[in-house]
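Quick note, the sequence shown lines up with residues 564 to 731 if you use the numbering used here. Ideal Cβ positions, reconstructed from N, Cα and C, are used throughout, including at glycine. Since the structure is predicted, the reported quantities are computational estimates derived from the model, not experimental observations. Heads up: the structure comes next, in structure tokens.
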Amino acid sequence: MHIYLESHIDLGMTSFVFTLGFHEDFIIRRLHASRAEAGDKIIVFTVKPASGAPLKAFSNLETYCLRIGLQRPVLIEIDVRERDFTEILGDVLEVVLGLEEPVVADLSGGMRILVIAIYTAIMISRKKAVVMVSPEGEAIEHRIDIEDIRILDTELTEEKREILEIIE
């Protein structure tokens, strides 16, 4: 299944997932471009303890969402200090497993360890999802349809393998 964010038709409730660093602007752009609706869930991950610029960015996001009639975003703080990746992944996976489909994840901000943990959790969860990443300060966007990636993970039967060898 392909998720076409531009139309937002027949998606039902969407779960938006973001990684938050010092700025909320990319989150606001994503919500606007995706035509987020009042029933959509907005989850924002950041490292624990959130303070300073990330808290200010979240507050700005919260104000924006409430002003235009979206649900109040939920801030999830993940402790990444002196923890094994599997522990971090476990915390993130617990949240991701509880999300409604489709999942729209914009992982353009925040710490790389959270980006990797969220991406991995989405893959493990088997949820219908699309992931976007935009390099800082650039207008380009990389879109990853998770269903397309999962196809690469499919085992070929012996018969299909033989057919490919013949074609080759």
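C-alpha gap between Ala613 and Leu633, whole angstroms: 23 Å
By how many angstroms is the C-alpha of Glu650 removed from the C-alpha of Glu725? 41 Å
Going by DSSP, name the residue or residues bridged to Thr609. Glu640
For Phe589, collect the residues of the same chain with a Cβ closer than 7 Å to its Cβ; drop the 5 residues on either side in sequence, then sort them by chain order. Result list for Phe589: Asp669, Ser671, Gly672 and Ser697, in chain order.
Kindly indicate the opening and closing residues of the beta strand (DSSP E) around Thr582. Ser578 to Thr582
Let me know the secondary structure DSSP gives His595 once reduced to three states. helix
Assigned secondary structure, Ala692 (DSSP; H/G/I helix, E/B strand, else coil): Strand at Ala692.
Let me confirm a value: Leu662 is counted as buried when at least 16 other C-beta atoms fall within 10 Å, else exposed. Which label applies? buried
Would DSSP call Asp669 helix, strand or coil? DSSP places Asp669 in strand when its eight states are reduced to three.
Buried or exposed: where does Ala702 fall if 16 or more other Cβ atoms within 10 Å of its Cβ makes it buried? exposed
Where the alpha helix (DSSP H) through Arg630 begins and ends: Start and end: Ala616 to Ile631.
If Ala684 and Leu652 are in contact, beta carbons under 8 Å, what's the gap, nearest whole angstrom? 6 Å
Using 8 Å for Cβ pairs, my map puts Ala620 next to Phe585. What's the rounded Cβ distance? The pair is a contact, with the Cβ atoms about 6 Å apart (cut-off 8 Å).
Kindly indicate which three-state DSSP category Asp647 falls into: helix, strand or coil? coil
Have a look at Ile729 and Glu718 and give me their C-alpha separation to the nearest angstrom. Each residue's alpha carbon lies about 18 Å from the other.
Just how far apart, CA to CA, sit Ser622 and Ile709? 30 Å
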